[in-house]
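Q: Protein chains in written order, with the numbering used here: chain G, 12 to 700; chain X, 12 to 700.
Each residue gets a CB set at the ideal place from its N, CA and C atoms; glycine is no exception.
From a predicted model like this one, the values you see are computed outputs, not experimental measurements.
I'd like to ask some things about the structure below.
Protein chains: 2
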Amino acid sequence: MITEQLINPRSIVVVGGSNDIFKPGGKVLKNLIDGNFKGELYVTNPKEDLVQGIKCFRSPAELPYIDLAIIAIAARFIPATVELLAQFKNTKAFIILSAGFSEMKDFEEGKILENEIVDSINSVNASLVGPNCIGVLTPNYQGVFTLPIPKLDPQGCDFISGSGATACFIMEAGIPNGLTFSRVFSVGNSAQLGVEEILKYMDETFDPEKDSKVKLLYIENIDKPQILLKHAVSLINKGCKIAAIKAGGSEAGSRAASSHTGAIATSDFAVNTLFRKAGIVRCNGREELIYIASIFMHKELIGKNIAIISHAGGPSVMLTDSLSNQGLSVPHIDNPASKELLTQLFPGSSVANPIDFLATGTAEQLGTIIDYVDNKFDEIDAMVVIFGTSGLFTVSDVYAVLDEKMKHCKKPIFPVLPSILTAKKEVQEFLSKGRINFPDEVFLGNSLSKVFNTNAPAELNPRLPKVDTAKIRSIIENTKTGYISPVEIQNLLDAAGIQRVAESVAENKSDAVEKAESIGFPVVMKVVGPLHKSDKGGVFLNIKNKKSVESTFDKLMSIENASGVLIQQMLSGTELFLGVKYEEKFGHMILCGLGGIFIEIIKDVSASFSPVSEKEASDMIKRLKAYKIFKGTRGQQPINENKFIEAITRLSALVEAAPEIIEIDLNPLLGTSENIVAVDARINVLKTN
Amino acid sequence: MITEQLINPRSIVVVGGSNDIFKPGGKVLKNLIDGNFKGELYVTNPKEDLVQGIKCFRSPAELPYIDLAIIAIAARFIPATVELLAQFKNTKAFIILSAGFSEMKDFEEGKILENEIVDSINSVNASLVGPNCIGVLTPNYQGVFTLPIPKLDPQGCDFISGSGATACFIMEAGIPNGLTFSRVFSVGNSAQLGVEEILKYMDETFDPEKDSKVKLLYIENIDKPQILLKHAVSLINKGCKIAAIKAGGSEAGSRAASSHTGAIATSDFAVNTLFRKAGIVRCNGREELIYIASIFMHKELIGKNIAIISHAGGPSVMLTDSLSNQGLSVPHIDNPASKELLTQLFPGSSVANPIDFLATGTAEQLGTIIDYVDNKFDEIDAMVVIFGTSGLFTVSDVYAVLDEKMKHCKKPIFPVLPSILTAKKEVQEFLSKGRINFPDEVFLGNSLSKVFNTNAPAELNPRLPKVDTAKIRSIIENTKTGYISPVEIQNLLDAAGIQRVAESVAENKSDAVEKAESIGFPVVMKVVGPLHKSDKGGVFLNIKNKKSVESTFDKLMSIENASGVLIQQMLSGTELFLGVKYEEKFGHMILCGLGGIFIEIIKDVSASFSPVSEKEASDMIKRLKAYKIFKGTRGQQPINENKFIEAITRLSALVEAAPEIIEIDLNPLLGTSENIVAVDARINVLKTN
């Protein structure tokens with residue numbers, strides 16, 4: 012749990028505070044002092060009377076009541092100290108900087124010590140951050156033992172990091188651009204509070220007036236994906252934006268993460284699917300996280316049409332490429348207002364977009380251009396202003412106009428100030444007004460595109476199609492762990508309302524003939540029993556008469572492990588694929604795609620976690636590389652998208668009713684403009700009791 | 012042409028030099044003085060006697076002989092000045108900074124003035140850089156009127172830019188990381204010397220002992236692709252590395268580039284194809300160009316196995332993801348030497364790769380690790396060292412060891428020093444030793460992967476298969492502009508040795524029957540005349556007897572514009588595609604892929620410019636997303652790759668013999684494990700005389 016004392020303590024003690032500011036206990040005290048902590052600040056150190064000008068207690072036992080303890084003593088002394096503070100000093104928040112706990116894989120005592128501490132703290136309903144962390148930064152106090160300290164501002168970013176050093180390096184990347192922070196939590200070993208718990212706290216206490224709307228995460232391990240999903244969605248629905256690095260997605264990266272923070276391997280595909288459902292922008296590195304966060308700190312991008320305003324052609328061209336190659340647009344501007352604007356610029360300027368007002372362009376002209384774009388160019392949703400210097404003139408006046416316009420414009424303005432050396436002073440002045448710079452226009456373009464292409468969160472409890480839950484439960488309760496029989500599959504699909512081909516299993520030749528005749532020729536015949544039927548010659552298509560049924564029956568029954576023959580209606584259509592895969596902790600992933608080479612060669616698969624709404628199902632289909640095929644291509648009929656959406660949501664309803672299902676493979680389904688019909692299916696069930 | 016006087020002038024005059032260093036003529040003079048130009052420096056200005064402490068001539072006529080003139084006076088005065096200097100002052104090099112020439116689209120006189128100047132300069136075999144440029148930087152002189160001035164060093168980057176402001180902003184991005192430059196050319200309007208000519212000069216005068224091996228280009232317009240290709244390949248074959256931004260590739264970007272530098276639209280696909288053939292690393296922005304250039308300034312990456320050495324887990328994990336998701340590898344290390352190394356590190360360290368020597372790791376340990384990796388870990392090709400600080404200790408000693416090891420190690424070492432604020436002093440000290448920093452590990456990973464995945468240049472004059480050139484020429488010379496007839500196509504393919512299906516055009520019914528019988532049933536019948544045959548019901552497959560031939564003939568001849576019926580052998584196999592497309596100035600692009608949905612939906616096409624070697628053809632096939640299909644997938648036979656390579660190179664030989672061919676479409680060819688046979692073909696010829 013997170014207590015008020017962790018966020019806004021009235022008193023703090025540094026246990027193990029020191030005069031040596033090159034030790035954690037010295038440095039954290041110095042940072043607290045430098046940050047002008049407004050409450051009471053205490054220090055304990057068995058050997059000192061005065062530490063950095065503050066009266067020092069020889070033992071924690073001598074302390075008065077204390078809200079928050081920041082602990083920087085050796086691991087083995089910590090349990091007793093925590094117990095004392097928790098029991099006798101009313102301490103409700105602990106930040107343990109020291110290492111030497113569960114992160115030491117070959118030191119079993121570390122885990123034992125850590126558990127003792129957590130028990131003490133839990134017993135008094137207090138908070139614990141760490142151990143093995145850099146600490147906590149809030150506008151109230153600078154409780155970290157590291158540098159850099161960013162500019163703290165209630166409207167800056169809230170940042171939760173699963174790695175302390177990485178948190179420092181992320182701030183190193185953000186500070187030069189002007190990025191500010193509100194609260195920074197380094198969770199260390201996450202003994203009590205992990206990234207998920209802190210995000211949950213931020214959601215449950217969210218105050219739209221006072222709290223930051225930008226949340227950043229660095230994660231190597233998603234231990235509680237459902238909590239992450241729930242609170243990320245809730246925060247975003249309250250107007251927040253979330254960007255996250257989830258490192259360790261590659262096979263080698265997963266090994267590295269496991270060695271670093273003990274992360275458990277999670278499929279990167281599952282992480283992408285979770286983040287997409289949550290509406291989290293996934294970032295691949297520190298610099299990208301910083302750019303995305305910086306975009307979030309500006310007005311929201313609500314349309315795809317960008318005006319680029321610059322005195323330099325090259326960066327405008329590169330940015331135009333970046334945006335328009337990734338789904339955004341730099342539309343040609345040509346209207347009466349733009350013609351009027353052109354007359355107010357120097358000869359040779361262009362307003363066609365990019366708006367180029369030449370190397371000699373003035374601050375006043377920039378102001379005029381921005382006003383025109385904001386008020387008169389309805390086709391434009393946002394602006395990027397690229398303005399540097401060749402060193403011949405100061406750009407202070409230009410940046411002052413830019414700052415002023417950013418205050419008042421309705422549309423977002425993203426500043427690219429590339430002359431970070433030559434115009435260093437002017438850029439710093441601009442940043443000191445609370446502004447943020449994007450030094451590289453292409454990186455901005457890539458990041459803007461990424462933000463724009465991230466969907467809003469999905470509905471977490473969508474209405475699913477009605478399925479026959481009683482029948483589904485009865486089938487599941489009467490089956491065993493493993494792949495279920497064709498008849499049970501039929502019954503499950505029927506109960507879920509998923510259309511399937513007319514079919515029947517025959518156990519002898521005359522039965523086969525009778526069933527084929529009742530289904531109607533032509534039919535398909537498939538062996539029942541062996542896996543990988545088609546590899547073993549176990550599938551025959553287009554069987555047109557009784558005689559062929561009889562001879563085919565014999566052939567199929569001669570295959571090893573054959574237990575019967577499935578007789579199916581022969582259908583045509585485009586091969587589609589639907590699937591379910593259960594991911595430990597994450598839940599049931601619903602997958603869709605086209606069949607055949609699209610799934611086998613191109614790996615063109617979309618996914619979402621169940622429950623899947625119609626909107627999500629529709630997005631899944633539209634995300635397919637082969638989506639065009641649904642619309643009908645040369646000579647091929649279109650595929651009924653609504654029926655495919657329905658099949659996806661019904662599959663989701665099926666696994667919601669029967670979470671014991673860990674795998675479904677409907678491959679192929681045949682899609683036409685009329686219908687989507689499952690032709691072959693496998694269902695795997697895991698019963699834990 | 013480029014004269015020695017442009018590169019290494021003994022004397023320079025600034026025409027229009029000024030005491031006002033916020034004017035180009037003042038600033039360029041100041042830069043020349045600040046750069047300690049070793050030769051004679053002159054100034055002309057009609058109103059001054061002394062400019063920035065240098066004796067000033069009232070008129071160029073008063074000057075002695077001058078090697079290089081840097082001109083910063085109004086455009087209309089320049090032709091006379093240039094003529095005077097060229098004719099009477101033996102001036103062999105001109106840099107014209109002033110604008111007001113052909114870049115002014117609505118000012119026709121500008122182009123006329125520019126032509127006059129070029130004529131004067133050409134008449135004395137002198138060089139011209141500009142007009143409308145920022146100038147030239149070399150270790151010999153700082154002839155630009157802009158800032159920043161990078162550290163100039165003969166082993167720094169050679170940089171040629173089609174945009175002056177962009178050149179400045181690229182240097183702004185590179186200097187903070189420690190990137191140095193040798194020569195910087197801003198070509199402006201490229202009135203005489205463009206990017207291609209300067210690259211050609213660098214190639215023709217290349218001195219492996221003295222010249223920089225790293226060439227950077229910023230281009231919006233590839234006017235002479237063949238020159239670019241030839242000299243890029245030649246330079247790379249001499250040991251150089253080339254990275255280039257070609258901006259304006261998107262449709263909107265192309266419009267923007269045309270407005271900026273008058274660039275002509277070139278398909279981005281053609282540019283990628285050209286760069287791939289040349290071995291140029293294509294970059295998408297300034298920051299990426301800087302990272303790639305910085306990689307080039309290190310020892311060459313010759314294998315894909317990277318060791319990551321760090322005291323911080325997070326960046327190591329992110330870098331591991333970046334590398335291993337893009338074709339490089341961070342292999343697990345476990346050998347006797349690594350076990351020995353582990354004993355020399357603090358408990359809790361890991362040598363499994365990433366090599367993590369903990370937050371408490373020392374400079375000495377870093378040295379030990381690097382030595383082990385360099386000398387004892389044969390499986391490793393290169394190292395990335397990530398080392399920052401939490402602010403508790405100085406990292407000078409660590410960076411000193413790093414610098415020392417980089418001098419002596421056989422394997423490349425790429426330093427990531429993320430604490431650019433907290434360890435600012437130490438990072439600066441490291442850079443002052445000539446080192447380069449990569450502040451973001453993921454950006455380094457992406458860039459390393461890009462470099463590693465760029466092939467060596469192609470052979471420019473490969474041996475092509477022998478084709479019947481006489482026959483090809485005779486067919487081409489006897490045909491007209493436009494799509495050629497089926498019979499001519501047959502003859503051309505036969506002359507080129509490209510296997511085609513047995514086929515024959517029938518003009519009447521009995522002829523059709525006769526030809527079908529001679530080819531052998533079953534046959535395919537296709538209408539001759541209309542385009543888009545299959546859309547119009549103009550293709551019938553699997554015709555098995557005389558009667559069907561007759562009825563099908565009637566159906567086909569009733570189609571509008573039908574002029575005959577093509578009878579073809581009925582073949583089976585995987586549908587493949589081969590094509591030729593002539594790109595203005597670039598030449599004949601040879602394309603290959605799989606047919607059907609792969610080309611229509613997935614756009615899975617590889618290309619190279621003719622002449623295409625076997626190696627290139629093989630790489631084209633391997634680059635296909637659907638390459639797996641060549642190897643045979645479940646239930647499908649493989650495709651004969653060698654035969655497909657041969658077909659590609661024969662197609663290349665065909666267009667080399669007949670450059671009048673502007674388009675070939677072999678779609679489909681049918682591929683089996685035995686053979687590749689063209690089934691349908693279109694060939695379009697453009698005769699210019």
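Do A258 (chain G) and V328 (chain X) have their beta-carbon atoms positioned less than 8 Å apart in this structure?
A: Yes, these two residues count as a Cβ contact at 8 Å.
Q: In the DSSP assignment, the alpha helix (DSSP H) including C251 (chain G) goes from what residue to what residue?
A: From DSSP, C251 (chain G) is part of no alpha helix (DSSP H); its letter is neither H nor E.
Q: Please classify S134 (chain G) as buried or exposed, where buried requires at least 16 neighbouring CB atoms within 10 angstroms.
A: Exposed.
Q: For the stretch 131–214 of chain X, list the beta strand (DSSP E) runs that are entirely contained and at least 3 residues long, ordered along the chain.
A: Complete beta strand (DSSP E) runs here, min 3: 138–140, 146–149, 152–155, 163–172 and 192–197.
Q: Return the residue from the list G:Q237, G:G189 and G:A176 that minimises the CA-CA distance to Q166 (chain G).
A: Out of G:Q237, G:G189 and G:A176, G:G189 has the C-alpha closest to the C-alpha of Q166 (chain G).
Q: Are there 16 or more other CB atoms within 10 angstroms of the CB of H543 (chain G), so buried, or fewer, so exposed?
A: So H543 (chain G) ends up on the exposed side.
Q: If I'm right that T480 (chain G) touches V696 (chain G) with Cβ under 8 Å, what's the distance once you round it to whole angstroms?
A: About 16 Å separates the two Cβ atoms, so there is no contact after all.
Q: Of the residues that make up the stretch 115–144 of chain X, which ones have a beta carbon closer than 9 Å to any beta carbon in chain G?
A: Answer set for the stretch 115–144 of chain X: M115, K116, D117 and F118.
Q: Is the stretch 89–99 of chain G touching the stretch 116–136 of chain G in the sense that three or more CB pairs, one from each, lie closer than 8 Å?
A: Result yes; three or more Cβ-Cβ pairs closer than 8 Å.
Q: Should Y229 (chain X) be flagged as near chain G, meaning a C-beta pair shorter than 8 Å?
A: Interface residue, yes.
Q: Is A374 (chain G) helix, strand or coil by DSSP?
A: Helix, per DSSP.
Q: Please compile the residues from chain X whose C-beta is within a distance smaller than 8 Å of the C-beta of S443 (chain G).
A: Here the premise fails: no neighbours, minimum Cβ distance about 16 Å.
Q: Consult DSSP for D45 (chain G) and reduce its assignment to one of helix, strand or coil.
A: In this structure, D45 (chain G) counts as helix in the three-state DSSP scheme.
Q: For the alpha helix (DSSP H) containing A527 (chain X), list its first residue and its last residue.
A: Here the alpha helix (DSSP H) through A527 (chain X) covers K520 to I530.
Q: Applying the criterion that 16 or more other CB atoms from any shown protein chain within 10 Å of the CB defines a buried residue, is Q439 (chain X) buried or exposed?
A: Flag for Q439 (chain X) reads exposed.
Q: Is any beta-carbon of chain X found at less than 8 Å from that of I81 (chain G)?
A: I81 (chain G) does not count as touching chain X.
Q: Give the straight-line distance between the Cα atoms of V535 (chain G) and N553 (chain G), rounded to the nearest whole angstrom.
A: Cα-Cα distance, rounded: 6 Å.
Q: Suppose the cutoff is 7 Å on Cβ atoms and the five residues either side in sequence are ignored; what does the same chain contact list for S621 (chain X) look like?
A: Closer than 7 Å at the Cβ level, and outside the excluded window around S621 (chain X), lie G598, H599, I601, S663, V666 and E667.
Q: What residue does the beta strand (DSSP E) around T14 (chain G) start on, and which one ends it?
A: Here T14 (chain G) belongs to no beta strand (DSSP E), and DSSP marks it neither H nor E.
Q: Is the Cβ of P649 (chain X) closer than 8 Å to any Cβ of chain G?
A: For P649 (chain X), the answer is no, since every Cβ of chain G falls outside 8 Å of its Cβ.
Q: So, is the C-beta of E94 (chain G) closer than 8 Å to a C-beta in chain X?
A: No, E94 (chain G) does not count as interfacial toward chain X.
Q: State the CB to CB distance for the pair I89 (chain X) and I82 (chain X), rounded to an integer number of angstroms; the pair is presumed to be in contact (CB under 8 Å).
A: At roughly 6 Å, the Cβ-Cβ gap stays under 8 Å, so I89 (chain X) and I82 (chain X) are in contact.
Q: Rounded to whole angstroms, what is the Cα-Cα separation between E59 (chain G) and S70 (chain G)?
A: E59 (chain G) and S70 (chain G): Cα-Cα distance of roughly 10 Å.
Q: Starting from A323 (chain G), find everything on chain X with Cβ-Cβ shorter than 8 Å and list it in chain order.
A: The answer, in chain order, is S174, A176, T177 and F180.
Q: By DSSP's criteria, E594 (chain G) is part of a beta bridge. Which residues make up the other side?
A: Answer is G:G598, bridged to E594 (chain G).
Q: Identify the continuous alpha helix (DSSP H) that holds Y410 (chain X) and give its terminal residues.
A: Segment S407 to H419, the alpha helix (DSSP H) holding Y410 (chain X).
Q: Is there a Cβ from chain G that is less than 8 Å from the Cβ of F33 (chain X)?
A: Yes, contact with chain G.
Q: Counting along the chain, where does the beta strand (DSSP E) carrying R293 (chain G) start and finish?
A: Looking at the DSSP string, the run of the beta strand (DSSP E) that includes R293 (chain G) is V292 to C294.
Q: Could you spell out the range, first to last residue, of the alpha helix (DSSP H) harbouring R693 (chain G)?
A: Here R693 (chain G) belongs to no alpha helix (DSSP H); instead the beta strand (DSSP E) covers A692 to V696.
Q: Can you find a CB in chain X that lies within less than 8 Å of the CB of V25 (chain G)?
A: No, V25 (chain G) lies away from the interface with chain X (no Cβ there is under 8 Å from its Cβ).
Q: Give the DSSP bridge partners of Y494 (chain G), in chain order.
A: Looking at the DSSP assignment, Y494 (chain G) forms a beta bridge with G:N695.
Q: Relative to chain G, which residues along the stretch 602–623 of chain X have a C-beta separation below 7 Å, given in chain order?
A: The stretch 602–623 of chain X vs chain G, Cβ under 7 Å: E611, I612 and I613.
Q: I'd like to know if the stretch 176–191 of chain G and the stretch 200–219 of chain G are in contact, where contact means that at least 3 CB-CB pairs between them fall below 8 Å.
A: Flag = no, the stretch 176–191 of chain G and the stretch 200–219 of chain G do not touch.
Q: In its own chain, which residues sit with a C-beta less than 6 Å from the C-beta of A434 (chain X), not counting the 5 before and 5 after it?
A: These residues qualify, in order along the chain: T400 and V406.
Q: What does G702 (chain X) reach in chain G if we use C-beta pairs closer than 7 Å?
A: Outside the modelled stretch of chain X, which goes from 12 to 700, sits residue 702 (chain X), for which no answer is possible.
Q: Would you say E183 (chain X) faces chain G, with C-beta separation under 8 Å as the test?
A: Interface residue, yes.
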